[in-house]
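Using this note's numbering, the first residue of the sequence shown is number 170, and each one after it goes up by one. Just so it is clear, CB atoms sit at the ideal spot from N, CA and C, and this is done for glycine as well. Read through the structure below, which is laid out as structure tokens, and then see the notes.
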Amino acid sequence: MILINEFWTPGKPNKNWTLKIGNGLNDEFQYHTDRNSKVNNGVLTVTIKKENINGKNYTSSRLISNRNFTYGTFEIKAKLPKLNGSIVGFLLISNESTDCKLNILKHVGSNSSIIHAVLHYGKNSKNSSIFINDPFTSFHIYKLNWNSKGLLFYVDDNELLSYNNYDIISEHSLKTSMNIVLNTVVKGGSDFIEDSSFQAKFIVDYVRYYENSIWVP
């Protein structure tokens, strides 16, 4: 195992991560800061806050790994924020491009107990979802096995999504190196965004990377 972060040292996330600062993408309502992420008591807490900065009504954090990865097992143990309008992601992105990305965990606040795994390649995508009872109050493990044979996504060791047809997506850089991203977003659309003062928290026990991935067809 090559350890990314067990979040044992209090303070800001360590040198394995870069905190992105600035407005979110597309129609997102948050401004990313370097002060919404804090390590304490053995966990990383990423907080979505109701505050006005740079024309945005909310603040949150976007963490990007300073190392690139090609193949392996990627795992996060986390509790999710309970907030309509929020989107939380643990994903892999090629050079911060939206052309190809692997959503190991995607949680949309309007569907509070539904967890998504999504493979995006070009304008296409493949996805699957699962219902879990307590994503907010209990830690769950979200995992991806990725190697030259394909992709397997899991929630608590339950297979959620598999993919092994690389011929279709090879042109979209899936076989190249990717960065790990921890992302918290506040978005509009059909979601109701709470306007009262609040702090919604994405709590991460650990992020781990194992260099060898075992493929199970």
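Keeping to the same chain, check which residues put their C-beta closer than 7 Å to that of Y332; ignore five residues upstream and five downstream. Closer than 7 Å at the Cβ level, and outside the excluded window around Y332, lie L288, K295, G319 and L320.
I'd like to know if S282 contacts chain B, where contact means its C-beta is closer than 8 Å to some C-beta of that chain. Annotation note: the requested chain B is absent from the structure, which comprises a single protein chain.
Who are the Cβ neighbours of I171 in its own chain at under 6 Å, not counting the five residues just before and after it? Cβ contact annotation for I171 (same chain, cutoff 6 Å, sequence separation greater than five): Y378 and E380, in chain order.
Would you tell me roughly how many angstroms separate the C-alpha atoms of F308 and K248, rounded to the nearest one? C-alpha separation (whole angstroms): 5 Å.
Residue interval of the beta strand (DSSP E) (run including I262): Where I262 is concerned, the enclosing beta strand (DSSP E) stretches over S255 to I262.
Should I190 be labelled buried (16 or more other beta-carbon atoms within 10 Å of its own) or exposed? Burial call: exposed.
Evaluate contact between the stretch 209-224 and the stretch 272-282, counting only Cβ atoms and requiring at least three cross-stretch pairs below 8 Å. The stretch 209-224 vs the stretch 272-282: no contact.
Less than 8 Å between the CB atoms is what I'm expecting for W177 and G224, so what's the real figure, rounded? Not a contact, Cβ separation roughly 37 Å.
Starting from R231, follow the beta strand (DSSP E) in both directions and report where the run begins and ends. Membership of R231 in the beta strand (DSSP E) is indicated by the continuous run R231 to F238.
F198 - DSSP class collapsed to helix/strand/coil: Three-state result, F198: coil.
Taking just the CA atoms, how far does S298 sit from L437? No answer is possible for residue 437: it lies beyond the span of the chain, which begins at 170 and ends at 386.
If you follow the beta strand (DSSP E) that E328 is in, where does it begin and where does it stop? Start and end: N327 to Y332.
Between the C-alpha atoms of M134 and F259, what's the straight-line distance to the nearest angstrom? Not covered by the structure: residue 134. The range shown for the chain is 170 to 386.
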